Amino acid sequence: MAIQATYERHTDLGCEAIVFIDDESMACFQIQRDLVGGPRSDEYCVTTGASAPIYGAITEWRRIDDRFEFALTRRAGRLFGDDVISFIVTPGRGVTVEELAEHVDRLLR
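Heads up: the sequence shown begins at 1020 in my numbering, then just goes up one per residue.
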């Protein structure tokens, strides 16, 4: 199983996101935030890409080399099937694992 991860900035949609996609199942985990000046730019959300956003869904996260682990709130855990999700990241489209981790830190502040 490979989890492809990208950072995306959509000025037309007024948001930025880190998108994690499982190559096999096509399951998706996204961390999104409105761009500065947007109506909810002071908070992040997570989504499956097709689900409604859940704000404040990550209680903590950590990176161990190329592995990203996210502890989720109970509500988010129900959506993603577990209170902790963990996966090894393969960076895509000109971004490194280090840069992805920096984006995660910034979006979750």
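Every residue, glycine too, gets a C-beta built ideally from N, C-alpha and C. Only a predicted model underlies this, so the values are computations on that prediction, with no experimental measurement involved.
Item: 8 Å contact criterion, which T1030 and V1114 should meet: CB distance rounded; Value: With a Cβ gap of about 18 Å, T1030 and V1114 do not count as contacting.
Item: Helix, strand or coil at D1053 according to DSSP, with G and I counted as helix; Value: strand
Item: Straight-line Cα distance separating Y1074 from P1110; Value: 25 Å
Item: Those runs of the beta strand (DSSP E) which lie wholly inside the stretch 1054 to 1109 and span at least 3 residues; Value: 1063 to 1066, 1077 to 1083, 1086 to 1091
Item: With 16 other Cβ atoms within 10 Å as the buried cut-off, status of R1052; Value: buried
Item: Beta-carbon proximity check, A1046 vs A1076, cutoff 8 Å; Value: no
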